[in-house]
Every structure is written in structure tokens, then in C-alpha cells.
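Colleague:
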Amino acid sequence: MDVQDEAGLREQAGRLALDWSQERHGDFTGEQPVAYVPLIEAAAVVADEAKLSLGRWVKAGRRGGLSWSDIGRVVGVSKQAAQQRFGADEAREAGPGMITVTLGATAFNEVAMLRREGAAGRELVAVAALRLFFRQTDRPWLHRRTVAEMDPGLRLAEGWEAVASWFIFHYYKRPA
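In the working numbering, the protein residues as written are 367 to 542.
Next comes the structure, spelled out in C-alpha cells:
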């Protein structure tokens, strides 16, 4: 990609949130602090989708025969950095007790990820920035994310076990 193509693509990507907001809320003037909220929300979605899209294209490139060196060169990192960044997200068949890592978890998509992984018999064991860690088991799991800590009496009554806390969120699990 040449410099002009890159600049044009960056311009298009940078305008996505503003264009979306203008379609729904009219011209942005920046006169009221609340006017920034939909732009920040839209930019967060665009950024999350860009990360997910990059990961999907890297996976497709790997399936198409690109090496980690090729991918590293394209994204401007070493072969090892490319493999660490994108390789951990390659699908693995996990046997009982094996830990799997799901990358790309955000406040917007991780509840769906928790539901999907739990239904597949994966028990949440830890969380980190953009990562969920699961252990493969022989039964389905229910996972719950809350903003406030769950009442201890309710947790006990409903069988929820605390897993971790990250940022403002608290994570719980129980067998389905």
C-alpha cells in the first residue's frame, strides 16, 4: 500500500464515527459535552471492529498460506510479535482441563462470548484486558458479568462462584 492509499484509508476510517453520528444526530458542533457521547460510543465500536477484522484477515491469510514473517512484515512487527499477537487466537481443540484463551473480548461482546463458551463446556477461570481464559470441562456452564458485586446471600442461594474482577466488572460462574 502506498502512502496516498494509506492516508485515504485512514481518512475514511477516521470519519466513520462522525458520519454515523451526523446521520442520526445532525451536524456535530462540539458545543455541548453530551454531544461527544455518541461519537465516543461509535468510535469505540469502530475500534473494536477494526481489531476483530484484522484478526479475521490474519486468520484468513494464515489459511491462505502466509507465514508469520509475512504477517509481521505487513503489520510492522517481528515474526514472533505477530505470532504472539494473533496466534493465540487460532482455534485449538481443547481437551478436558486444558486452558484456552479467547482474545478480543470487550464490554460490548464478551457477554455473548461467555454464553457461547459456557454452552460449549468451557468454564471461565480468569479474565484480563481483551482476554477471557477458559478450562474445557465435560458440562456446560453459565457465566455472569455484573457491574456491582453480587450479593453474597444471592450468590450462595443461586450457586454462583466468583471468578474474577476486572476494571468495573465482576465475573461469576456456575454449572448449567
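No residue lacks a Cβ here, since even glycine has one placed at the ideal position from N, Cα and C.
Given the structure is predicted, the values throughout are model-derived calculations rather than measurements.
Comparing alpha-carbon positions, which option in VAL440, THR466, ALA401 lies nearest MET367?
Modeller: By one-based count along the sequence shown, residue 367 stands at place 1. The candidate whose alpha carbon is nearest that of MET367 is VAL440.
Colleague: Kindly list the residues whose CB is nearer than 8 Å to the CB of SER444, restricted to its own chain and excluding five residues on each side of it in sequence; keep chain order.
Modeller: Reading the sequence shown from its first residue, position 78 is the one you call residue 444. Around SER444: GLY438.
Colleague: Between ALA416 and TRP386, is the Cβ-Cβ spacing less than 8 Å?
Modeller: Counting from one through the sequence shown, the residue named residue 416 turns up at place 50. Counting from one through the sequence shown, the residue named residue 386 turns up at place 20. It is not a contact, given that the beta carbons lie outside the stated cut-off.
Colleague: Counting pairs of beta carbons, one from the stretch 517-528 and one from the stretch 478-496, are three or more of them closer than 8 Å?
Modeller: Touching, no.
Colleague: Checking the sheet assignment: what are the DSSP bridge partners for LYS539?
Modeller: Your numbering for residue 539 matches position 173 in the sequence shown. Answer is HIS509, GLU527, bridged to LYS539.
Colleague: Just how far apart, CA to CA, sit GLN446 and TRP434?
Modeller: Your numbering for residue 446 matches position 80 in the sequence shown. Your numbering for residue 434 matches position 68 in the sequence shown. Answer to the nearest angstrom: the Cα atoms are 7 Å apart.
Colleague: Excluding the 5 residues preceding and the 5 following VAL513 in the sequence, name in chain order all residues of the same chain whose CB lies nearer than 6 Å to its CB.
Modeller: Looking up residue 513 in the sequence shown gives position 147. So the list reads ILE534, once near-sequence residues are dropped.
Colleague: Since GLU489 is in the beta strand (DSSP E), which residue starts that stretch and which ends it?
Modeller: For the purposes of this step, residue 489 is taken as residue 123 along the sequence shown, with counting starting at 1. Element bounds for GLU489: 488-494.
Colleague: Are there 16 or more other CB atoms within 10 angstroms of the CB of TYR402, so buried, or fewer, so exposed?
Modeller: Here residue 402 refers to the residue found at position 36 of the sequence shown. By the neighbour-count rule (16 or more Cβ atoms within 10 Å), TYR402 is not buried but exposed.
Colleague: Assign GLN398 to one of three DSSP states: helix, strand, or coil.
Modeller: As a first step, residue 398 is located in the sequence shown; it is residue number 32 there, counting from the start. In this structure, GLN398 counts as coil in the three-state DSSP scheme.
Colleague: My output table needs one value for ILE465: the three-state DSSP class, helix, strand or coil.
Modeller: Position 99 of the sequence shown, counting from 1, holds the residue named residue 465. In the structure shown, ILE465 sits in a strand (DSSP, three-state: E or B).
Colleague: Looking at the secondary structure, which residues open and close the beta strand (DSSP E) in which LEU498 lies?
Modeller: As a working note, residue 498 is residue 132 in the sequence shown. Looking at the DSSP string, the run of the beta strand (DSSP E) that includes LEU498 is 497-502.
Colleague: On the DSSP bridge list, what partners appear for TRP386?
Modeller: Looking up residue 386 in the sequence shown gives position 20. Answer is none; TRP386 lacks a bridge partner.
Colleague: By the DSSP assignment, the alpha helix (DSSP H) with ILE437 in it spans what residues?
Modeller: Counted from its first residue, the sequence shown places residue 437 at position 71. That run of the alpha helix (DSSP H) goes 434-441.
Colleague: Check for me: the alpha helix (DSSP H) holding ALA478 runs from which residue to which?
Modeller: Locating residue 478 in the sequence shown gives position 112, counting from the first residue. Per DSSP, ALA478 belongs to the alpha helix (DSSP H) from 476-485.
Colleague: Going by Cα to Cα distance, which pick from ASP414, ARG390, GLY525 is closest to ALA471?
Modeller: Against the sequence shown, residue 471 aligns to sequence position 105. Comparing Cα-Cα distances from ALA471 to each of ASP414, ARG390, GLY525, the minimum goes to ASP414.
Colleague: Can you round the beta-carbon distance between LEU508 and LYS539 to whole angstroms, since I take them to be within the 8 Å contact cut?
Modeller: Translated into positions along the sequence shown, residue 508 becomes position 142. Translated into positions along the sequence shown, residue 539 becomes position 173. That belief holds up - the Cβ atoms of LEU508 and LYS539 are roughly 7 Å apart, short of 8 Å.
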